[in-house]
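Colleague:
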Amino acid sequence: IWKELQERYKKEMNFVSYNTWVDTAQPLSFQKNQLMIEVPSELHKNYWEKNLAGQILETGYRLNGEELFPIFVTPDESTKYTEPLPEKELPKDDYLDAQSVLNPKYTFDTFVIGKGNQMAHAAALVVAEDPGSIYNPLFFYGGVGLGKTHLMHAIGHQMLQRRPDAKIKYVSSENFTNDFINSIKRKEMEAFREEYRTVDLLLVDDIQFLVNKEGTQEEFFNTFEELYLNNKQIVLTSDRLPNEIPTLPERLVSRFAWGLSVDITPPDLETRTAILRKKAEAERLEIPDDTLSYIAGQIDSNIRELEGALVRVQAFATMKNADISTSLAAEALKALKGLEPIGQVSVLKIQEKVSNYYSISIADLKGKKRVKSIVVPRQIAMYLARELTDSSLPKIGAEFGGKDHTTVIHAHEKIQQLIKNDPILEREVAELKQLVMG
Ligand code: ADP
Ligand code: MG
7 IWKELQERYK KEMNFVSYNT WVDTAQPLSF QKNQLMIEVP SELHKNYWEK
57 NLAGQILETG YRLNGEELFP IFVTPDESTK YTEPLPEKEL PKDDYLDAQS
107 VLNPKYTFDT FVIGKGNQMA HAAALVVAED PGSIYNPLFF YGGVGLGKTH
157 LMHAIGHQML QRRPDAKIKY VSSENFTNDF INSIKRKEME AFREEYRTVD
207 LLLVDDIQFL VNKEGTQEEF FNTFEELYLN NKQIVLTSDR LPNEIPTLPE
257 RLVSRFAWGL SVDITPPDLE TRTAILRKKA EAERLEIPDD TLSYIAGQID
307 SNIRELEGAL VRVQAFATMK NADISTSLAA EALKALKGLE PIGQVSVLKI
357 QEKVSNYYSI SIADLKGKKR VKSIVVPRQI AMYLARELTD SSLPKIGAEF
407 GGKDHTTVIH AHEKIQQLIK NDPILEREVA ELKQLVMG
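Following this line, the structure appears as structure tokens:
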């Protein structure tokens, strides 16, 4: 069926699109009426879902008389989705080893340190250098896409570097659960325990998904105890603190409190820019600093999305056969944010609307007065200028009475912070956005 689909796309698409989208995709599994397809990135996934999924439904219908539903997954996700193979094809025991591959890209070298993650990074280093002794377990918590998994793998890599024979196991809590349940079914509990209880480092990701199917939590507890008593290092992650995970039993929560819990918070603009710079260098992309900070300004919470934005800009530049610049990035990311064409919004227009809205003069908006009733609107105006125009930082600064570009960055961050905690201001800024764009 995949062949059929390829043929069909080949006919319908031009060569470049075909190579970009279809050639990079890979069918993973075909079960019932679901076809799982692995695509390289979120960007590809969006494209498939929007533009190419219809053909799959149809082709499936034509060939099987049944609709075929595609599921697109990125490599990250596919590890999560892969179900254990059907029983008879499974070489005994092997599924336990078909495991815990550390992502070679997730090392300390590729990790950018910033305010939001420096504690977590430091703790990770300590644990990698001296596993099992000080912070055990080490528990990272924080929002999606902030680097928890990355740091976890980095610990594994670092430990392997010092002790190449160290036994390291990485699992998501779902994989742990699946492993466990399969072991019960196959009556291979011994192998399971051998696998999990003899490691030097156990990394369990997203522990908030550890459910108590058939005694999984009990087994996890016992695994934990055994490793802990033998001074083996355990590293865990979650999206929140252990005591805030409702499904987690009290005794696990209290065990986790024996070690160290560190949070990872969203990176500031500077860190985001640094992360993009590092990525761009790794991919040998020529991107001006201005453009990097522009992209970093567009996506403020999730680093995975930030990386996605970079991929998108890169793909866009390839498509247009142009160098990456701020205006090109703005164009590429426009669709992502659902914004109106950006070129039409000028800094002046923003200043007019903001000055009207708050009944202050444009002169004051551009001036130096430090009273709050003027400072906040001024910062909002700068924030909007940065969000809605493709003017560079220095240019925006210049349009506000010759201010430094760092003032603009500061204003942008400040407002970003404020609207997170202040729903009234958030609404005002949203209204202003409407006014400016409409
Ligand atoms: P989480 O597990 O917290 O959801 P991940 O560890 O999967 O987040 O990180 C998402 C993506 O962002 C990964 O590609 C990771 O390499 C990248 N990333 C996160 N934090 C950093 C950082 N500080 N420096 C460089 N890349 C980072
Ligand atoms: Mg993760």
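All residue numbers for the sequence shown refer to the UniProt record's numbering, where the first residue is 7 and numbers rise by one. Think of the CB as a built atom: it goes at the ideal place given N, C-alpha and C, for glycine as much as any other residue. Because the structure is a prediction, the values reported are computed rather than measured.
Report the rounded CA-to-CA distance for H418 versus L63, giving the unit in angstroms.
Modeller: Roughly 45 Å between the two C-alpha positions.
Colleague: Might you give, ordered along the chain, the residues of its own chain that have their beta carbon closer than 6 Å to the beta carbon of K439, omitting 5 neighbours on each side?
Modeller: none
Colleague: I'd like to know whether the C-beta atoms of P143 and G265 end up nearer to each other than 8 Å.
Modeller: Taking 8 Å as the Cβ cut-off, P143 and G265 qualify as a contacting pair.
Colleague: Would G278 and L312 qualify as a contact pair, given that the criterion is a beta-carbon distance under 8 Å?
Modeller: According to the sequence as given, residue 278 is Arg; it is not Gly. Yes. Within cutoff.
Colleague: Between the alpha carbons of L216 and T253, how many angstroms are there, rounded?
Modeller: 8 Å
Colleague: In angstroms, rounded to a whole number, what distance separates the CA positions of I386 and P272?
Modeller: 21 Å
Colleague: According to DSSP, simplified to helix, strand and coil, what is I348?
Modeller: With a pLDDT of 42 at I348, under the threshold of 50, the predicted position of this residue should be treated as unreliable, though the coordinate-derived value follows. DSSP places I348 in helix when its eight states are reduced to three.
Colleague: Tell me T243's beta-bridge partners as DSSP assigns them.
Modeller: F146
Colleague: Measuring from the CB of E313, is there a heavy atom of the ligand ADP at a distance below 7 Å?
Modeller: yes
Colleague: Any idea what DSSP makes of P137, helix, strand or coil?
Modeller: In the three-state reduction of the DSSP assignment, P137 falls in the coil class, being assigned neither a helical nor a strand state.
Colleague: From L69, Y53, R283, pick the residue whose C-alpha is nearest to that of K9; which is it?
Modeller: L69
Colleague: Report yes if the C-beta of G153 is less than 7 Å from at least one heavy atom of the ligand ADP; otherwise report no.
Modeller: True, at least one ligand heavy atom lies under 7 Å from that Cβ.
Colleague: Would you kindly work out how many angstroms separate the C-alpha atoms of G148 and D269, rounded to a whole number?
Modeller: 6 Å
Colleague: So, R261 versus F226, is the Cβ gap smaller than 8 Å?
Modeller: Contact annotation: R261 and F226 have beta-carbon atoms that are not nearer than 8 Å.
Colleague: V360 lies in the beta strand (DSSP E); which residues open and close that run?
Modeller: Taken as a continuous stretch (DSSP letters only), V360 belongs to no beta strand (DSSP E), being part of the alpha helix (DSSP H) at 353-363.
Colleague: Answer with buried or exposed for F145, where buried requires no fewer than 16 other C-beta atoms within 10 angstroms of its C-beta.
Modeller: buried
Colleague: State yes or no: is the C-beta of Y112 within less than 8 Å of the C-beta of T155?
Modeller: yes
Colleague: So, H411 versus L399, is the Cβ gap smaller than 8 Å?
Modeller: yes
Colleague: Using CA coordinates, which residue listed in E405, N25, E224, R14 is at the minimum distance from S352?
Modeller: E405
Colleague: The ligand MG and T113: does the residue's C-beta get closer than 7 Å to at least one heavy atom of that ligand?
Modeller: no
Colleague: For L247, which residues of its own chain have a beta-carbon under 6 Å away from its beta-carbon, when the five flanking residues on both sides are left out?
Modeller: Y147
Colleague: If you follow the beta strand (DSSP E) that Y176 is part of, which residue opens it and which one closes it?
Modeller: 174-178
Colleague: Select from K359, K340, Y389, T413 the residue whose C-alpha is nearest the C-alpha of G444.
Modeller: Nearest Cα to G444 within the set K359, K340, Y389, T413: K359.
Colleague: Answer with buried or exposed for T324, where buried requires no fewer than 16 other C-beta atoms within 10 angstroms of its C-beta.
Modeller: exposed
Colleague: Going by DSSP in three states, F182 sits in which element: helix, strand or coil?
Modeller: helix
Colleague: If you draw a straight line from the alpha carbon of I430 to that of A336, how long is it in whole angstroms?
Modeller: 28 Å
Colleague: Is any heavy atom in the ligand ADP found nearer than 7 Å to the beta carbon of R278?
Modeller: no
Colleague: In or out: S139 buried (at least 16 other Cβ within 10 Å) or exposed?
Modeller: exposed
Colleague: Taking DSSP's pairing of strands, which residues face L207 in a bridge?
Modeller: I174, Q239
Colleague: Any idea what DSSP makes of L371, helix, strand or coil?
Modeller: helix
Colleague: Please report how far the alpha carbon of residue 450 lies from the alpha carbon of I301, in whole angstroms.
Modeller: The structure shown has nothing for residue 450, since the chain only spans 7 to 444.
Colleague: From this set, N249, A280, K284, which residue's C-alpha is nearest S267's C-alpha?
Modeller: N249
Colleague: Rounded to a whole number of angstroms, what is the C-alpha to C-alpha distance between N123 and N52?
Modeller: Between the C-alpha atoms of N123 and N52 there is a straight-line separation of about 29 Å.
Colleague: Does the Cβ of Q32 have 16 or more other Cβ atoms within 10 Å, making it buried, or fewer, making it exposed?
Modeller: exposed
Colleague: Taking P400 as part of the beta strand (DSSP E), name the residues at either end of that continuous run.
Modeller: Run containing P400: none in the beta strand (DSSP E); it sits in the alpha helix (DSSP H), 399-405.
Colleague: For V118, I'd like the list of residues in its chain whose CB is within less than 7 Å of its CB, leaving aside the five on either flank, ordered along the chain.
Modeller: T277, A280, I281, K284
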